[in-house]
Structure formats: C-alpha cells, structure tokens
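Using the numbering used here, you'd call the opening residue of the sequence shown number 7 and step up by one each time.
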Amino acid sequence: MDHIALGHRDYYYELKEMREERERQILGEKLERQREKEESREYERAKEKEPLAAYKSFKRDEKQLNKTRLDPLIGQDFKVFCSDYIDHFYVPPCPPEPDSEADMAYGDIYLDSITHGHFGPFRPPKRASREAVKVKTTDGRHELSFKFIGNGYLKVPWEFISTARRDLCPPDPPLTTRKVFKFVGIRRDWEKEKAKPGVLEAMQQPRYS
Numbered sequence: 007m008d009h010i011a012l013g014h015r016d017y018y019y020e021l022k023e024m025r026e027e028r029e030r031q032i033l034g035e036k037l038e039r040q041r042e043k044e045e046s047r048e049y050e051r052a053k054e055k056e057p058l059a060a061y062k063s064f065k066r067d068e069k070q071l072n073k074t075r076l077d078p079l080i081g082q083d084f085k086v087f088c089s090d091y092i093d094h095f096y097v098p099p100c101p102p103e104p105d106s107e108a109d110m111a112y113g114d115i116y117l118d119s120i121t122h123g124h125f126g127p128f129r130p131p132k133r134a135s136r137e138a139v140k141v142k143t144t145d146g147r148h149e150l151s152f153k154f155i156g157n158g159y160l161k162v163p164w165e166f167i168s169t170a171r172r173d174l175c176p177p178d179p180p181l182t183t184r185k186v187f188k189f190v191g192i193r194r195d196w197e198k199e200k201a202k203p204g205v206l207e208a209m210q211q212p213r214y215s
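Here it is in structure tokens:
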C-alpha cells in the first residue's frame, strides 16, 4: 500500500507541475501579447507623424491659396495608421497556419548501427520548457518524448528496441532490463568538432538526434 500511495503522490505532483507549467505558459503568452500591443502602438504613433506634418503644411499652404497638385490616384494604395485604434481595438497578428510545412521539423536518432530511426514531423517549441514534445517515428512504431531545456540541450527517453537486432549482434539484455532509457542531448557544434583532429574518429558509438 505504501508503494501505491507513493505512486499516487508522485502522480499528484506530476499533475501539479504540469498545471503550474501551463499557468506559466499562459502568463508568458499574456505578457507577450501586451508587449506586441505596446510595440504596435509605438509603431503607429511614429507613422502618424509624417501625415500629420503634411497636414499642417497643407493648412498653411491653403491659407496662402497654394494647393498642391495631386498625382493620379487610380491604382494607388494607402496604408492607414491610428494609435488610438490600437488602444481600443488591438488585434494580434494572425498566427501561422497550424502545422504549416515551413514550421514543421523532422529528425533522426542514432544509438548504434541497428538502433536508429527517423521521426517527425513535429512543431518545434519556441521556448525552453519542462513540457514534453511528443513525436512519432516515421514508421509509427515508437513515440519519442523530447524536453528542450535550453539552447543546445534536450532530454529524451527512448523506447528500448530489440526487434531489429540480428544474430551477429550482442544478445538482447535479460528481461529485467528497463524498457525505457532516459538520454540527454547536447547540440553538436560541427565546426568545433572538425577543428579537433581525431575527435570524430574517436566516437565509436555516436549518439545524436
């Protein structure tokens, strides 16, 4: 019973962590919208200055009976600006279409000569988070769970694969071996690796994704 109770507590804290992460995400999105609104307001105010200055010049010329001749208006476009409108009726820019091909990512994971695969497509996150990004392998047999914890770093539990092993490979581990291994990843800097002679050759079992 203690073990079951512990499991429930672990599950409770896991849900609590997920809920808090979602609350932080919502707050971050709200602050991001406020920042975008302020930037739009300042942009509108800056663009208003030019036509307002032209209007002052127009009124001055009008008093002197000196009206500017207009260029042909047919086929012309005017972009309008109003910072007051932004204050009262701001609408965030339209987000990109969901799952648009340009925003989707694909990848490969390689543990050894027979344990490897392709995965994707998936939408890569824009910010580091403890929230897992789940993505299927292209053959649909396995699911990867990535956590991008910073620029250049990730965590990924990889489902243990034994079905692809051949007779010439080492025998499968006993059944007591855990079926999920948690890997951590560091972004590879190919330029630095090339600058160090022998580094690539020394990596007998490269693991990358």
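Built from N, CA and C at the ideal position, the CB exists for glycine as well.
Remember, it's a predicted structure, so these values are computed and weren't measured experimentally.
At a Cβ-Cβ threshold of 7 Å, residue 126 and residue 113 count as neighbours. If you compare the alpha carbons of 148, 109, 149, 25 with that of residue 131, the shortest gap goes to 109.
Residue 52 and residue 158 have their C-alpha atoms roughly 38 Å apart.
Secondary structure of residue 153 (DSSP, three-state): strand. Between residue 26 and residue 92, the gap from beta carbon to beta carbon reaches 7 Å or more. At a Cβ-Cβ threshold of 7 Å, residue 140 and residue 151 count as neighbours. In this structure, residue 155 sits away from residue 138, with a CB-CB distance that is not shorter than 7 Å. Between the C-alpha atoms of residue 46 and residue 60 there is a straight-line separation of about 22 Å. Look at residue 93 here: in three-state DSSP terms it is helix.
Taking 8 Å as the upper bound for CB-CB distance, residue 36 and residue 96 are not in contact here, some 13 Å apart. For residue 99 and residue 19, the gap between their C-alpha atoms comes out near 36 Å. Pairing residue 129 with residue 148, the inter-Cα distance amounts to about 18 Å.
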